[in-house]
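Participant:
In my numbering, the protein residues as written are 2 to 395.
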């Protein structure tokens with residue numbers, strides 16, 4: 002007999018993916034250039050030329066067995082050393098390669114981090130609005146994800162609700178800053194307050210509460226934004242990173258966990274991740290991609306287009322009467338819909354070939370997400386569609 006819970010999950014297909022598929026089908030009818038598809042967070046700028054050049058050079062000049070053979074279960078040691086050195090240089094940390102575990106993107110990192118610090122029956126808290134895939138990432142481990150209601154004033158942490166929900170069953174807190182879907186970056190003040198509460202509650206309950214920091218948008222931060230490195234403020238932090246957004250490599254599925262050297266049992270955690278891989282079938286990411294990203298750790302794609310697009314959309318949407326907390330990073334925006342039913346709002350937008358993601362699955366009703374990782378020319382053309390939509394429907 003097949004497993005019912007996975008069969009049941011077939012009825013809960015990602016709304017984001019459904020909208021992306023609709024946009025593709027609509028594009029086949031009228032030309033995709035005429036569909037203003039703000040559904041999917043797929044980077045719209047190319048990888049740095051140095052990454053491409055590195056790949057070409059390796060394929061032409063390096064030993065094929067090195068490039069295409071299995072790496073060690075924790076990742077290639079030289080790559081792990083380079084990742085640690087880069088983080089130390091940038092953020093004043095003291096990682097070694099022994100604190101780095103290479104993963105298939107941030108999703109793979111979270112999957113391992115959760116299994117390191119929770120057992121079935123434990124709870125993990127996260128904060129709305131949140132990435133919907135956190136549900137299966139956590140609940141399928143046997144732990145339970147609980148969502149702290151949003152602070153809709155500024156999408157920083159709702160600390161009053163958080164402290165009420167932070168019981169002795171909570172073994173970890175999962176944060177995402179810069180945040181998908183809001184684009185908000187947690188301030189230094191927010192992270193300091195979060196760290197103080199976690200320290201206090203860990204002492205009160207007699208067990209560590211780990212902070213799992215999901216950081217795939219860490220490099221997409223806009224001018225003037227306070228963007229602290231989370232691990233600097235709380236010892237028991239596991240940083241989960243992906244090169245998908247910074248280097249525009251989502252299809253290569255490459256990232257890592259960085260274990261704060263000051264955390265409890267830091268010397269065991271990366272090795273534990275290797276054992277977790279044995280049970281999940283993760284093993285290790287491709288050797289050639291590990292080696293290539295190690296040569297461009299301190300580079301990014303040209304990420305400036307995202308701030309340009311954000312400013313264009315923020316100015317136009319607020320002028321049309323949308324209430325929106327201005328993003329400090331990422332390539333997402335999270336305005337309030339012009340009616341309470343975000344699904345109905347997004348359905349109406351389709352008539353104007355605007356593909357907008359309703360907020361229900363992000364844990365906050367009445368909003369919608371824009372993934373503005375598209376060409377600026379297309380963003381500008383979409384403004385007239387927004388004007389027509391608002392004028393006709395509202």
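Ideal Cβ placement from N, Cα and C applies to all residues, glycine included.
The structure presented is a predicted model; accordingly, all values stated were derived computationally and were not measured.
1) Between residue 89 and the ligand ADP, is there a pair consisting of the residue's CB and a ligand heavy atom that are separated by less than 6 Å?
2) Which residues bound the alpha helix (DSSP H) around residue 265?
3) Quick check on residue 178: buried or exposed, where buried means 16 or more other Cβ atoms within 10 Å of its Cβ?
4) Could you check what DSSP says for residue 274 in three-state terms: helix, strand or coil?
5) By a C-beta neighbour count over all protein chains shown, 10 Å radius and 16 as the cutoff for buried, is residue 393 buried or exposed?
6) Hey, how far is the Cα of residue 313 from the Cα of residue 380?
7) What is the DSSP secondary structure of residue 302, counted as helix, strand or coil?
8) Could you give the distance in angstroms between the alpha-carbon of residue 149 and the alpha-carbon of residue 107?
9) Give a yes or no on whether the C-beta atoms belonging to residue 72 and residue 285 are separated by under 7 Å.
10) Inspect the CB distances between the stretch 253-260 and the stretch 277-284 and report whether three or more fall short of 8 Å.
11) DSSP puts residue 356 in a beta bridge; with which residues?
12) Residues bridged to residue 241 by DSSP?
13) Pull up the distance between the alpha-carbon of residue 82 and that of residue 188, whole angstroms please.
14) Starting from the C-beta of residue 163, find all residues in its chain whose C-beta is less than 6 Å away, skip the five residues before and the five after it, and write them out in chain order.
15) Which residue's Cα is closest to the Cα of residue 171: 196, 144, 371 and 153?
Facilitator: With the structure as the only source:
1) As for the ligand ADP, it is missing from this structure, which has no ligand bound.
2) Neither: residue 265 is in no alpha helix (DSSP H) and is coded neither H nor E.
3) buried
4) helix
5) exposed
6) The alpha-carbon atoms of residue 313 and residue 380 are separated by roughly 8 Å.
7) coil
8) 22 Å
9) yes
10) no
11) 38
12) 215 and 258
13) 29 Å
14) Closer than 6 Å at the Cβ level, and outside the excluded window around residue 163, lie 149.
15) 144
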